[in-house]
Amino acid sequence: MEHLENISQDISYIINENISYEFLEDCYIILNLKNGEYYELNKSSSFIWDLISKQSSIKAIIKNTKKHFGISDDKVPEILSIIDKFEH
Numbered sequence: 013m014e015h016l017e018n019i020s021q022d023i024s025y026i027i028n029e030n031i032s033y034e035f036l037e038d039c040y041i042i043l044n045l046k047n048g049e050y051y052e053l054n055k056s057s058s059f060i061w062d063l064i065s066k067q068s069s070i071k072a073i074i075k076n077t078k079k080h081f082g083i084s085d086d087k088v089p090e091i092l093s094i095i096d097k098f099e100h
């Protein structure tokens with residue numbers, strides 16, 4: 013994943029039409045309709061997924077995740093890594 017200064021923070025994502033997802037209890041369950049794979053996200057990944065589903069910008073995702081979990085700038089690469097995993 014690129015460093016934050018090397019990417020446009022205004023980018024937002026649209027969830028692929030082949031992806032189905034639902035929030036159950038305290039996390040998202042994601043199903044790839046194309047290959048049948050499914051994933052259960054943990055709380056932090058679910059929080060980020062929710063922001064992505066609302067088409068939040070990367071800048072907003074980072075800001076809101078840091079605030080919600082009370083984390084510092086040194087955790088930004090982890091946030092970007094989660095976004096990168098979702099993208100692939």
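Numbering-wise (the working numbering), the sequence shown opens with residue 13 and increments by one.
Ideal Cβ positions, reconstructed from N, Cα and C, are used throughout, including at glycine.
Buried/exposed call for L53, threshold 16 Cβ in 10 Å: Position 41 of the sequence shown, counting from 1, holds the residue named residue 53. By the neighbour-count rule (16 or more Cβ atoms within 10 Å), L53 is buried.
Beta-carbon contacts of I41 that lie in its chain and below 7 Å, excluding the five residues immediately before and after: Numbered from its first residue, the sequence shown carries residue 41 at position 29. The residues are Y33, E34, Y50, E52.
Beta-carbon separation (whole angstroms), I60 vs I70, contact threshold 8 Å: On the sequence shown, residue 60 is found 48 positions in, with the first residue counted as 1. On the sequence shown, residue 70 is found 58 positions in, with the first residue counted as 1. Going by Cβ atoms, the distance from I60 to I70 rounds to 10 Å, so no, they are not a contact pair.
Span separating the alpha-carbon of I95 from that of E37: Taking the first residue of the sequence shown as position 1, residue 95 is located at position 83. Taking the first residue of the sequence shown as position 1, residue 37 is located at position 25. Spanning the two alpha carbons is a distance of roughly 22 Å.
Straight-line Cα distance separating Y25 from E90: Looking up residue 90 in the sequence shown gives position 78. Looking up residue 25 in the sequence shown gives position 13. Distance from the CA of E90 to the CA of Y25, rounded to the nearest whole angstrom, comes to 18 Å.
Assigned secondary structure, E49 (DSSP; H/G/I helix, E/B strand, else coil): Translated into the one-based positions of the sequence shown, residue 49 becomes position 37. E49: coil per DSSP, three-state reduction.
Own chain, CB closer than 8 Å to E29, minus 5 neighbours either side, in chain order: The residue given as residue 29 occupies position 17 in the sequence shown. None.
From I31, C39, D62, S58, residue whose alpha carbon lies closest to that of N47: One-based indexing of the sequence shown puts residue 47 at position 35. Among I31, C39, D62, S58, the Cα nearest to that of N47 belongs to I31.
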